[in-house]
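K.L.:
Residue numbers (the working numbering), protein chains in the order written: chain P, 25 to 199; chain Y, 25 to 199.
Protein chains: 2
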Amino acid sequence: MIGVAAEAIEEMGPAATGINEVLRRAGAPRGSLYFHFPGGKDELVAEAVRFGAGRITELAVTAADEGGSAADVIGRLIKALADRQEESGFTKGCPVAGTALDAPAGSELAGLCAEIYDGWEATLRGLITAEGRPEALAGQILALVEGALLLSRVRATRAPLDAATVTVRTLLEAA
Amino acid sequence: MIGVAAEAIEEMGPAATGINEVLRRAGAPRGSLYFHFPGGKDELVAEAVRFGAGRITELAVTAADEGGSAADVIGRLIKALADRQEESGFTKGCPVAGTALDAPAGSELAGLCAEIYDGWEATLRGLITAEGRPEALAGQILALVEGALLLSRVRATRAPLDAATVTVRTLLEAA
DNA sequence: CGGCAATAGTAGACCGATCTACATATTTTT
DNA sequence: AAAAATATGTAGATCGGTCTACTATTGCCG
Numbered sequence: 025m026i027g028v029a030a031e032a033i034e035e036m037g038p039a040a041t042g043i044n045e046v047l048r049r050a051g052a053p054r055g056s057l058y059f060h061f062p063g064g065k066d067e068l069v070a071e072a073v074r075f076g077a078g079r080i081t082e083l084a085v086t087a088a089d090e091g092g093s094a095a096d097v098i099g100r101l102i103k104a105l106a107d108r109q110e111e112s113g114f115t116k117g118c119p120v121a122g123t124a125l126d127a128p129a130g131s132e133l134a135g136l137c138a139e140i141y142d143g144w145e146a147t148l149r150g151l152i153t154a155e156g157r158p159e160a161l162a163g164q165i166l167a168l169v170e171g172a173l174l175l176s177r178v179r180a181t182r183a184p185l186d187a188a189t190v191t192v193r194t195l196l197e198a199a
Numbered sequence: 025m026i027g028v029a030a031e032a033i034e035e036m037g038p039a040a041t042g043i044n045e046v047l048r049r050a051g052a053p054r055g056s057l058y059f060h061f062p063g064g065k066d067e068l069v070a071e072a073v074r075f076g077a078g079r080i081t082e083l084a085v086t087a088a089d090e091g092g093s094a095a096d097v098i099g100r101l102i103k104a105l106a107d108r109q110e111e112s113g114f115t116k117g118c119p120v121a122g123t124a125l126d127a128p129a130g131s132e133l134a135g136l137c138a139e140i141y142d143g144w145e146a147t148l149r150g151l152i153t154a155e156g157r158p159e160a161l162a163g164q165i166l167a168l169v170e171g172a173l174l175l176s177r178v179r180a181t182r183a184p185l186d187a188a189t190v191t192v193r194t195l196l197e198a199a
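1) Can you tell me the Cα-Cα spacing of Gly64/P and Asp89/P, whole angstroms?
2) Using DSSP with H/G/I as helix, E/B as strand and the rest coil, what is Val46/Y?
3) Have a look at Ala183/P and Pro62/P and give me their C-alpha separation to the nearest angstrom.
4) Helix, strand or coil for Val28/Y? Go by DSSP, reduced to three states.
5) Can you tell me whether DSSP reads Arg149/P as helix, strand or coil?
6) At a Cβ threshold of 9 Å, is Glu170/Y touching chain P?
7) Should Ile33/P and Ala72/P be called a contact, given that it needs their Cβ atoms to be closer than 9 Å?
8) Cα separation between Val46/Y and Ile98/P?
9) Note down, in chain order, each residue of its chain lying with its Cβ closer than 7 Å to the Cβ of Ala87/P, except the 5 sequence neighbours on either side.
10) Decide yes or no for the touch test of the stretch 116-133 of chain Y against the stretch 170-183 of chain Y: beta carbon pairs closer than 8 Å, at least 3 of them.
11) Compute the distance between the beta-carbons of Thr260/P and Gly143/P, then report whether it is under 9 Å.
12) Residue range of the alpha helix (DSSP H) that Ser112/Y falls in?
13) Going along chain Y, which residues have a C-beta under 9 Å from Leu68/P?
14) Please decide whether Asp126/P counts as near chain Y, where near means a Cβ-Cβ distance under 9 Å.
15) Residues in the same chain with beta-carbon distance under 6 Å from Pro38/Y, minus the five sequence neighbours each way, listed in chain order, please.
16) Pull up the distance between the alpha-carbon of Leu148/Y and that of Leu161/Y, whole angstroms please.
17) Use the C-beta contact count for Arg179/Y: other C-beta atoms within 10 angstroms, 16 or more gives buried, fewer gives exposed.
18) Using the rule of at least 16 other Cβ atoms within 10 Å of the residue's Cβ for burial, across every protein chain shown, is Ala146/P buried or exposed?
19) Have a look at Ser56/Y and Met25/Y and give me their C-alpha separation to the nearest angstrom.
20) Between Val28/P, Met36/P, Gly27/P and Pro158/P, which has its C-alpha nearest Ala129/Y's C-alpha?
21) On a Cα-Cα basis, can you pick out the residue from Asp186/P, Gly27/P and Ala199/P that is closest to Glu110/P?
22) Please list the partners that Gln164/Y has in chain P, where partner means a Cβ-to-Cβ separation under 8 Å.
23) In chain P, which residues lie less than 7 Å from Gly122/Y when you measure between Cβ atoms?
24) Look up Pro53/P in the DSSP assignment and say whether it is helix, strand or coil.
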């Protein structure tokens, strides 16, 4: 059920994702949702975002496992993100972004999104500081990738993401 | 009324923005909405996004009017965006991003968002090709700024945007 | 072993609130 | 008076959430 919700939220945002829709897609009755998620929709959305973010983190781990330079690892991650987006018919991008933009400023949900981004940035920081690059680059690479995910999605083409791979390399070499 | 809708949509996304809320904030009756926007909510959202995008374009024009190098102009634009975001209590970011992520892939609304991004990218391309920089950078700078707007918003700090200014300079100099 | 609670989970009816949209006046403007 | 715009009322659907009833599993105890 979390998986179904995560998918729907990534496609159309948490506000547009009704619990009826989630229940229908999951083939689950109403009672089950409120049994497993007493917090209702808020709790389900939070779990779905966590779940979705976990899938992306898995992609990052896979990319890192193959070794190579930071640029290599990040390049493979971006490729994996682009593949995922393309295969979904450009309905999937970042499972956090849509929720982050819909969440009220300062809300619990916004805090969760911020935590997830902080985690990803820390991972990037680890990669690039290991090569002696300035750690400030981590946040900028994250921003670049998030922006490229957004543009690739609305344009329904992986070009921005593919281009980001070389931009990352340029940034790492220039610093 | 368009202005009110644009503000609400930028804050919490189009799906979460009810027309009742818009009417209440604008102090307008229901009938007026369907007189001026026979297309209903869809039409209002489209107009609001167009309106919001126009405000950002104005910021870009202002930044360009002051002259200087492409990096100078883009830096001033980013600063203006950060100021705007900070002044709003980090509720405002990009007036298009939230809608772009909520819009169904391939929908009319998604097309509108893509057009707006294309326009902004074309403006950036004009700026940087005038200095002989590769035009492919335009899309990447746009992605970087969009991503920085997203991160700045969820973190409620202008740091990512401020950092983007120097990243843009690095990118322009490295190419 | 056998029966019996207790628990975990499913299933769906139902509620009030809210949503978009439309229909019908009423006022303002030209 | 005609047209433009405003001002409400209301219809029908859908929203998130609560409620009760049903089923299956588990563990306890004689």
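Don't be surprised by glycine CBs; every beta carbon is placed ideally from N, CA and C.
P.N.:
Judging by the given coordinates:
1) 38 Å
2) helix
3) 42 Å
4) helix
5) helix
6) yes
7) yes
8) 43 Å
9) Val97, Arg100, Leu101 and Ala104
10) yes
11) This structure gives no information on residue 260/P, because the portion of chain P shown stretches from 25 to 199.
12) Note, Ser112/Y: premise wrong, no alpha helix (DSSP H); not H, not E.
13) Going along chain Y, no residue has its Cβ under 9 Å from Leu68/P, so there is no contact; the nearest lies around 16 Å.
14) yes
15) Val69, Thr123 and Asp126
16) 9 Å
17) buried
18) exposed
19) 10 Å
20) Met36/P
21) Asp186/P
22) Leu168, Ala172, Pro184, Ala187, Ala188 and Thr191
23) Leu125 and Asp126
24) coil
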